[in-house]
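Asker:
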């Protein structure tokens, strides 16, 4: 292993590819806007597939539109999957997801170029809709066989069905894309931290031990539409007041009783949504995240109590619909050690840590041994055009991924 | 005057016309959706013009798309204008505005059928965009020459410019539609109360002495987009928290310090508006209304102070842009007395009152002597499909309008 232990990525090619990839859905602010199934997202995926083919890899697109590139070896029985996602939030940065997919592609290219014969096959994967623009962890849940067809047929998934019309995809194929876990040796995901811990402690590499659980919900408060000039204030049934009070209450209760959890109200829609009418209905999209399921359950119960009391206070009706959830997850200890060893071989500092962001790895961890590798995010900023990681950190992470892969495949 | 003193409207025709008019933009809930310049609104206006022409009235559409029907008399020098508006809020009821336009048409028809020769000409008018869907009191401000071209060219008015594209309207003509006040003898507007005072006191007719002043504004809070999972709660700059806190604060300060005023947050728009991103920006459309300008100024100052302290609390920037305003107004005492006398002649009870809703009459009152006549609203409900006034009350109001018109025109 002495020669391959020092195998590293092609820095120039990696940087050039990263710059090209960043151009798909590029925004004036320097970020990318590539929601799943958007034209920019599909273009980025086509480019990824083309680059993989140019490198002599075998490209496959499954029923859930997961894009993968494979490198197989004679006698190898199982496949080690590495990857992330090419979709972004609407105001996304260039690194979130894209960095990990590109690093996976580069790892396969380097292994192929080096002529290594590994004991496991390699697959670089780009999962569909990791950002849950339409359906929570659509691609990895489909891949691992835990995406029910019924979920794709709910009203919540209607915008996705509209988005995929004419793209040659169908719901049955999506739900039927599950693979056999016995085919796989594990899953590794390289990602930016999206938080400030590595950068603040001047650490090169994060080894993710646990991944946050998350629950997304849609809350609808319903009151009564009234003339905003003539209706006495005290008899209004203003759905907007419920939405506002809930937003503040969510933050207050996280602050006082759930310091290890976070939450967010990300959108509201007012009906009828005009200045001179008291709002009849307000739809509130919110989420909360927690380190373990016990805290998740406790927080959810408190949130539901609070919503009920707010509805009573403002004389409103309410309905809460879960729109997505992912269980908190532990990563594989052997893979954690392998990542740490790889960092050490490369002379990089590393620390174990918790991931406050959701990742496809938490879905994959219930299916095959999985681990996530983090690199520092400048300022801890993410889901923002200003999201940035240094070129050196990006190369370090890709080299740790490559060395970890080699350690798991007899390279 | 003994014969015309008892002249009343054609009840059957009035009811049939009201039912027909209610069909334009009719909603499943029993209301109407006729925002200014919508297809339903334009269809209702065409129908109105057609009915006026059938009655032998002279129809005119001015540069601001105000639709009017006129009845002129030899030797008459001035014109008494009566009317209201055919546009509605998106979840509007059938009566708000439409009732007053139809009553004005019926008054002109009855005068013409009765062969009366009056000393002033009559004009039944349907003002454009009274509900300020695009521009505050567009039609009456254009008619009275106080709608600056510059206002139509602001970003705030951009949606209107889009809505009128292809309709043969242009901004210069809109702003240039002002009439000479010396041509006019006065303005009378018949309207539903949109509040509970008449119905609760079993009074037939409201004589409006004063009309509320109102100020509409758009408030934009700007923070920073961040990953909603990984960014520590305490360093987020969440624009949604500012919007929520402002909504509650507006209601609280109205409740404690401004009991004679009302306010409303009618819409919010979140950017980027997705669940897993901390909102970078939230746009809040709000309004407040006040009985006199002194209270309006005082309330506005307190609101601006509160917004500044909320922005500081949540580390946000903010910008407040006025999007519409109308001064509070007093109606004409002589017209008030004329309405009261007309009600008395018809054996109806009447009371003087304040209008908490804005009306074109408050724009017209700065231009020509004006008054508003109210009829009871069942439950005080308005801007809602359940908005309702009884057939008897509608007929009473139209007869009071007719008798008041005759009293002002030697009929």
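Chains as they are written, first to last, in this note's numbering: chain L, 52 to 462; chain U, 52 to 462.
Think of the CB as a built atom: it goes at the ideal place given N, C-alpha and C, for glycine as much as any other residue.
#1: Measuring straight from C-alpha to C-alpha, what distance separates residue 92 of chain L and residue 353 of chain L?
#2: Are any of the Cβ atoms in chain L nearer than 7 Å to that of residue 141 of chain U?
#3: Once DSSP output is grouped into helix, strand and coil, what is the label at residue 447 of chain U?
#4: How far does the alpha helix (DSSP H) with residue 150 of chain U in it reach, from first residue to last?
#5: Identify the contact partners of residue 371 of chain U in chain L, using a Cβ-Cβ distance below 7 Å as the criterion.
#6: Count the CB pairs spanning the segment 163 to 179 of chain U and the segment 312 to 319 of chain L that are closer than 8 Å, and state whether there are at least three.
#7: Quick one: Cα of residue 171 of chain L to Cα of residue 73 of chain L, how far?
#8: Just to confirm before moving on: does the CB-CB distance between residue 146 of chain L and residue 440 of chain L stay below 7 Å?
#9: Counting only the same chain and skipping the five closest in sequence on each side, list residues whose C-beta sits under 8 Å from that of residue 158 of chain L.
#10: Can you give me the C-alpha to C-alpha distance between residue 54 of chain U and residue 98 of chain U, rounded to a whole angstrom?
#11: I think residue 182 of chain L touches residue 138 of chain L, with their Cβ atoms under 8 Å apart; what is that distance to the nearest whole Å?
#12: Determine, for residue 434 of chain U, whether the minimum Cβ-Cβ distance to residues of chain L falls below 7 Å.
#13: Just checking: is the beta-carbon of residue 284 of chain U within a distance shorter than 7 Å of some beta-carbon in chain L?
#14: Might you give, ordered along the chain, the residues of its own chain that have their beta carbon closer than 6 Å to the beta carbon of residue 106 of chain L, omitting 5 neighbours on each side?
#15: Could you work out which residues of chain U lie near residue 318 of chain L, taking near to mean beta carbons separated by less than 7 Å?
#16: Can you say whether residue 471 of chain U is buried or exposed, counting buried as having 16 or more other CB atoms within 10 angstroms of its CB?
#17: How long is the line joining the alpha carbons of residue 186 of chain U and residue 208 of chain U, rounded to whole angstroms?
#18: Starting from residue 67 of chain L, trace the alpha helix (DSSP H) in both directions and tell me its first and last residue.
#19: Below 7 Å CB to CB, which residues in the same chain sit around residue 442 of chain L once its five sequence neighbours on both sides are set aside?
#20: Helix, strand or coil: which one does DSSP assign to residue 53 of chain L?
#21: Can you find a C-beta in chain L that's less than 7 Å from the C-beta of residue 54 of chain U?
#22: Would you kindly check if the distance between the Cβ of residue 408 of chain L and the Cβ of residue 3 of chain L is under 7 Å?
#23: Nearest CA to the CA of residue 347 of chain U: which residue from U:312, U:58, U:115 and U:419?
#24: Tell me which same chain residues have a C-beta within less than 6 Å of the C-beta of residue 300 of chain L, skipping the five on either side of it?
#25: Quick one: what's got a C-beta closer than 6 Å to residue 292 of chain L's C-beta in the same chain, skipping five residues either side?
#26: Spell out whether any CB of chain U is found under 7 Å from the CB atom of residue 220 of chain L.
#27: Are there three or more Cβ pairs, one per stretch, closer than 8 Å when the segment 282 to 297 of chain L is compared with the segment 216 to 235 of chain L?
#28: Return helix, strand or coil for residue 381 of chain U, following the three-state DSSP convention.
#29: So, is residue 198 of chain U buried or exposed, given that buried needs 16 or more other C-beta atoms within 10 angstroms?
#30: Tell me which residues of the segment 271 to 298 of chain L have at least one Cβ-Cβ distance to chain U shorter than 9 Å, keeping chain order.
#31: Going by DSSP, what residue range makes up the alpha helix (DSSP H) through residue 360 of chain U?
#32: Looking at the structure shown, is residue 309 of chain L part of a helix, part of a strand, or coil, going by DSSP?
#33: Can you tell me which of L:332, L:374 and L:304 puts its alpha carbon nearest to the alpha carbon of residue 350 of chain L?
#34: How far does the alpha helix (DSSP H) with residue 331 of chain L in it extend, from its first residue to its last?
#35: Please identify the residue among U:81, U:86, U:444 and U:402 whose C-alpha is closest to the C-alpha of residue 248 of chain U.
#36: Which residues, in chain order, does the segment 242 to 253 of chain L contribute to contact with chain U at a C-beta distance below 8 Å?
Answerer: The structure says:
#1: Within the first chain, numbered from 1, the residue matching residue 92 of chain L stands at position 41. Within the first chain, numbered from 1, the residue matching residue 353 of chain L stands at position 302. A straight-line Cα-Cα distance of about 38 Å links residue 92 of chain L and residue 353 of chain L.
#2: On the second chain, position 90 is the one that residue 141 of chain U refers to. Cβ-Cβ to chain L under 7 Å: yes for residue 141 of chain U.
#3: In the second chain, the residue the question calls residue 447 of chain U occupies position 396. Reduced to three states, the DSSP call for residue 447 of chain U is helix.
#4: By 1-based counting over the second chain, the position of residue 150 of chain U is 99. According to the DSSP assignment, residue 150 of chain U belongs to the alpha helix (DSSP H) that extends over 149 to 164.
#5: Locating residue 371 of chain U in the second chain gives position 320, where the first residue counts as 1. Neighbours of residue 371 of chain U across chain L, judged by C-beta separation under 7 Å, do not exist; the nearest C-beta is about 14 Å away.
#6: Contact between the segment 163 to 179 of chain U and the segment 312 to 319 of chain L is absent, because fewer than three Cβ pairs lie under 8 Å.
#7: The residue you call residue 171 of chain L lines up with position 120 of the first chain. The residue you call residue 73 of chain L lines up with position 22 of the first chain. For residue 171 of chain L and residue 73 of chain L, the distance between alpha carbons rounds to 31 Å.
#8: Taking the first chain and counting its residues from 1, one reaches residue 146 of chain L at position 95. Taking the first chain and counting its residues from 1, one reaches residue 440 of chain L at position 389. Going by C-beta atoms, residue 146 of chain L is nearer than 7 Å to residue 440 of chain L.
#9: To locate residue 158 of chain L, count along the first chain from 1; it is residue 107. Same-chain partners within the cutoff: 60, 133, 173, 175, 449, 452, 453 and 456.
#10: If you number the second chain from 1, residue 54 of chain U lands on position 3. If you number the second chain from 1, residue 98 of chain U lands on position 47. The predicted position of residue 54 of chain U is uncertain, since its pLDDT is 45 and thus under 50; a value taken from the coordinates is nonetheless stated next. Using only the alpha carbons, I get a separation of about 32 Å.
#11: Here residue 182 of chain L refers to the residue found at position 131 of the first chain. Here residue 138 of chain L refers to the residue found at position 87 of the first chain. With 8 Å as the limit, residue 182 of chain L and residue 138 of chain L qualify as a contact, their Cβ atoms being about 5 Å apart.
#12: Against the second chain, residue 434 of chain U aligns to sequence position 383. Yes, contact with chain L.
#13: Within the second chain, residue 284 of chain U is the residue found at index 233, counting from 1. Yes, its Cβ sits closer than 7 Å to a Cβ of chain L.
#14: Here residue 106 of chain L is taken as the residue at index 55 of the first chain, counted from 1. Excluding residues up to 5 positions away in sequence, 160 lie with their Cβ nearer than 6 Å to the Cβ of residue 106 of chain L in the same chain.
#15: Position 267 of the first chain, counted from the start, is the residue given in the question as residue 318 of chain L. Simply 321, 324, 325 and 326.
#16: Chain U is shown only over 52 to 462; residue 471 of chain U falls outside these bounds and no answer can be derived.
#17: What you label residue 186 of chain U is simply residue 135 of the second chain in a count that begins at 1. What you label residue 208 of chain U is simply residue 157 of the second chain in a count that begins at 1. In a straight line, the C-alpha of residue 186 of chain U is about 6 Å away from that of residue 208 of chain U.
#18: Stepping through the first chain from its first residue, residue 67 of chain L is reached at position 16. For residue 67 of chain L, the enclosing alpha helix (DSSP H) starts and ends at 62 to 72.
#19: By 1-based counting over the first chain, the position of residue 442 of chain L is 391. Counting only Cβ-Cβ distances below 7 Å, and skipping sequence neighbours, we find 66.
#20: For the purposes of this step, residue 53 of chain L is taken as residue 2 along the first chain, with counting starting at 1. Legend: pLDDT at residue 53 of chain L = 43, less than 50; position of this residue unreliable, no value from coordinates given.
#21: Position 3 of the second chain, counting from 1, holds the residue named residue 54 of chain U. With a pLDDT of 45 at residue 54 of chain U, under the threshold of 50, the modelled position of this residue cannot be trusted; read the value that follows with caution. It does not: the Cβ of residue 54 of chain U has no partner Cβ on chain L nearer than 7 Å.
#22: Within the shown structure, residues of chain L are numbered from 52 to 462, placing residue 3 of chain L beyond reach of any answer.
#23: The residue labelled residue 347 of chain U in the question sits at position 296 within the second chain. Considering only U:312, U:58, U:115 and U:419, the residue with the shortest C-alpha distance to residue 347 of chain U is U:312.
#24: As a working mapping, residue 300 of chain L is identified with position 249 in the first chain. So the qualifying residues of the chain are 357.
#25: What you label residue 292 of chain L is simply residue 241 of the first chain in a count that begins at 1. Closer than 6 Å at the Cβ level, and outside the excluded window around residue 292 of chain L, lie 365.
#26: Here residue 220 of chain L refers to the residue found at position 169 of the first chain. No, because no Cβ of chain U sits closer than 7 Å to the Cβ of residue 220 of chain L.
#27: Of all C-beta pairs linking the segment 282 to 297 of chain L to the segment 216 to 235 of chain L, fewer than three are shorter than 8 Å, placing the two stretches out of contact.
#28: Here the question's residue 381 of chain U lines up with position 330 in the second chain. In the displayed model, residue 381 of chain U falls within a strand according to three-state DSSP.
#29: For the purposes of this step, residue 198 of chain U is taken as residue 147 along the second chain, with counting starting at 1. Counting Cβ neighbours within 10 Å, residue 198 of chain U comes out buried, since at least 16 surround it.
#30: So the list reads 275, 276, 277, 278, 279, 280, 281, 282, 283, 284, 285, 286, 287, 289, 291, 292, 294, 295, 296, 297 and 298, given in the order they occur along the chain.
#31: Looking up residue 360 of chain U in the second chain gives position 309. Unbroken alpha helix (DSSP H) run through residue 360 of chain U: 344 to 364.
#32: Taking the first chain and counting its residues from 1, one reaches residue 309 of chain L at position 258. When secondary structure is reduced to three states using DSSP, residue 309 of chain L falls in the coil class, being assigned neither helix nor strand.
#33: Sequence index remark: in the first chain, residue 350 of chain L carries index 299 (1-based). Out of L:332, L:374 and L:304, L:304 has the C-alpha closest to the C-alpha of residue 350 of chain L.
#34: Position 280 of the first chain, counting from 1, holds the residue named residue 331 of chain L. In this chain, residue 331 of chain L is not harboured by any alpha helix (DSSP H), its DSSP state being neither H nor E.
#35: Taking the first residue of the second chain as 1, we reach residue 248 of chain U at position 197. Per the Cα distances, U:402.
#36: For the segment 242 to 253 of chain L, the set of positions with a beta-carbon nearer than 8 Å to some beta-carbon of chain U reads 244, 245, 246 and 247 in chain order.
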